[in-house]
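Under full-length UniProt numbering, the residues of the sequence shown are numbered 1 to 305, in order.
Glycine included, each C-beta is placed from N, C-alpha and C at the ideal position.
Everything on this sheet refers to the single structure shown next.
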Amino acid sequence: MITTSPGEFLEAFAALAPLPGAAATARAAFMVAPAEFALAQESARDNRYMDLGLMVDPLKALAQHGALAQALRADVPVITFPGDPATPDAVFPNNVFATAPGRLIVGRMRHRVRQREAARGDIRGFFGDVLGYDEIDLSARGDLVAELTGALVIDRARGIGYCGLSERCDPAGAEAMHQAFGLRLTYCFELAETEYHTNVVLTLLAGRAAIIAADGFRDPAAAQAIATACGDRAVWLSPAQKQAFAGNAITLSDHRVWMSARAARSLTDAQREALAGYGFAVGAVELDEIEKAGGSLRCCVGEIY
Numbered sequence: 001m002i003t004t005s006p007g008e009f010l011e012a013f014a015a016l017a018p019l020p021g022a023a024a025t026a027r028a029a030f031m032v033a034p035a036e037f038a039l040a041q042e043s044a045r046d047n048r049y050m051d052l053g054l055m056v057d058p059l060k061a062l063a064q065h066g067a068l069a070q071a072l073r074a075d076v077p078v079i080t081f082p083g084d085p086a087t088p089d090a091v092f093p094n095n096v097f098a099t100a101p102g103r104l105i106v107g108r109m110r111h112r113v114r115q116r117e118a119a120r121g122d123i124r125g126f127f128g129d130v131l132g133y134d135e136i137d138l139s140a141r142g143d144l145v146a147e148l149t150g151a152l153v154i155d156r157a158r159g160i161g162y163c164g165l166s167e168r169c170d171p172a173g174a175e176a177m178h179q180a181f182g183l184r185l186t187y188c189f190e191l192a193e194t195e196y197h198t199n200v201v202l203t204l205l206a207g208r209a210a211i212i213a214a215d216g217f218r219d220p221a222a223a224q225a226i227a228t229a230c231g232d233r234a235v236w237l238s239p240a241q242k243q244a245f246a247g248n249a250i251t252l253s254d255h256r257v258w259m260s261a262r263a264a265r266s267l268t269d270a271q272r273e274a275l276a277g278y279g280f281a282v283g284a285v286e287l288d289e290i291e292k293a294g295g296s297l298r299c300c301v302g303e304i305y
């Protein structure tokens, strides 16, 4: 079922119990290292978190990326694929490649500079030839835009997707992802005009709580419906905290939420206490150089289910 109605979504949500045996968090993660890190001008057309006037330090970006991979290994095994200077946004692989149990999904990117990433044979080969995953390839679908777990935030324990519509995901893309991930319910809503990806304004915390930036939603009722579905276990972000990427976080275990050091510094004591009350410590890694490209920690992490 796919719905755009907050009331219909909550009614359907209430009827869905967690999936037997479904894991709320990934069993491993993959990343793509920055290579000659640079800002992609094409991506900046609809990513308001980017500033092309900033200078970037490729070696600093590489070092921060390596430190992130090492930190995340405290929770899950992490595989890092090499980068390619021809694809500067490849450091954010979760938009292009994503998984469900036994399946690799390849997304349909809006910008040509990112469409090149989908052709990578090594990533496809790893999941297909090494792990034996079936491949669902949306990349050649000219009739849709579907930027995977950038646009779609998934409650894996229940098989529920939260899909923000924007330039990076249209209704046809939402339908294609609903089918590809095998979801039981997808709630579609429009993001605010200034937003490009849902995972900048919404984080689900192992299926039992959420971090929400209400101003990232065109309709405040959509944000409230998500909080209601989480039993009102939600940390609400200010616009400044959203800009600091506090909504671009991820749980790779049941007890810790990862975000950038900039994002973590933006949290109030009350918000940290709320996260602790929901059972989550905050893990933080300095990513200020990578964040110049308009994404943060969650965007760097592809999940392996």
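Between the beta-carbon of ARG184 and the beta-carbon of ILE160, is there less than 9 Å? Against a cut-off of 9 Å, the Cβ pair of ILE160 and ARG184 comes out as a contact.
Nonlocal neighbours in the same chain, by C-beta distance under 6 Å from GLU190, ignoring five residues either side: Around GLU190: LEU165 and ARG218.
Would you call the segment 70–87 and the segment 128–144 touching, i.e. three or more CB-CB distances under 8 Å? Verdict: no, contact absent.
Using the Cα positions of CYS300 and LEU16, report the straight-line distance between them to the nearest angstrom. For CYS300 and LEU16, the distance between alpha carbons rounds to 31 Å.
Report, in whole angstroms, the separation of the C-beta atoms of GLN64 and GLU289, which I expect to be a contact under 8 Å. Between GLN64 and GLU289 the beta-carbon gap is near 6 Å, inside 8 Å, which marks them as a contact.
When burial is assigned at 16 or more other CB atoms within 10 Å of the CB, is PRO85 buried or exposed? Burial call: exposed.
Taking the Cβ atom as the reference point for each residue, do MET177 and ALA151 lie within a distance shorter than 9 Å? Contact flag set, yes.
Nonlocal neighbours in the same chain, by C-beta distance under 8 Å from ALA240, ignoring five residues either side: SER266.
In this structure, does DSSP put THR228 in helix, strand or coil? Collapsing the DSSP output to three states places THR228 in a helix.
Under three-state DSSP, which class holds residue 308? Residue 308 is absent from the model: the chain starts at 1 and stops at 305.
Measure the C-alpha to C-alpha separation of ALA44 and VAL56 and round it to an integer number of angstroms. Confidence at ALA44 is low in this model, with a pLDDT of 46, below 50, so its placement is unreliable and the value that follows should be read with caution. Each residue's Cα considered, the two are about 15 Å apart.
So, do the segment 19–36 and the segment 104–111 have three or more beta carbon pairs nearer to each other than 8 Å? Touching, no.
Considering only the alpha carbon of each residue, which of ASP254, GLN224 and VAL235 lies closest to TYR162? Of ASP254, GLN224 and VAL235, the residue nearest in Cα terms is GLN224.
Could you check where the beta strand (DSSP E) with GLU190 kicks off and where it finishes? Element bounds for GLU190: 185–190.
Run through the DSSP bridge pairs and tell me what residue 311 is partnered with. Because the chain here runs from 1 to 305, residue 311 falls outside it and cannot be looked at.
Assign VAL91 to one of three DSSP states: helix, strand, or coil. Helix.
Taking only three categories from DSSP, how would you classify ALA44? Confidence in ALA44 is poor, its pLDDT being 46 and thus under 50, which makes the residue's placement too unreliable to answer from.
Contact between the segment 199–215 and the segment 263–282 is defined here as three or more beta-carbon pairs at a separation below 8 Å; is this criterion met? Segments in contact, yes.
At the level of alpha carbons, what is the spacing between THR198 and ASP129? The alpha-carbon atoms of THR198 and ASP129 are separated by roughly 31 Å.
Where does THR149 fall in DSSP's three states? THR149: helix per DSSP, three-state reduction.
Three-state class that DSSP yields for VAL130 in the structure shown: It is helical.
Residues of its chain near PHE13, where Cβ-Cβ distance is below 6 Å and the 5 sequence neighbours each way are ignored: Correct list, in chain order: ALA229.
Would you call the CB atoms of ALA249 and ALA270 closer than 9 Å? No, the Cβ-Cβ distance between ALA249 and ALA270 is not below 9 Å.
Tell me the residue span of the alpha helix (DSSP H) that contains ARG116. Per DSSP, ARG116 belongs to no alpha helix (DSSP H) and is neither H nor E.
GLU8: first and last residue of the uninterrupted alpha helix (DSSP H) it sits in: Judged by DSSP secondary structure, GLU8 falls within the alpha helix (DSSP H) whose first and last residues are 6–14.
Quick one: using the 10 Å Cβ neighbour count with 16 as the cut-off for buried, is GLU99 buried or exposed? Note on residue identity: the sequence assigns Thr, not Glu, to residue 99. Counting Cβ neighbours within 10 Å, THR99 comes out buried, since at least 16 surround it.
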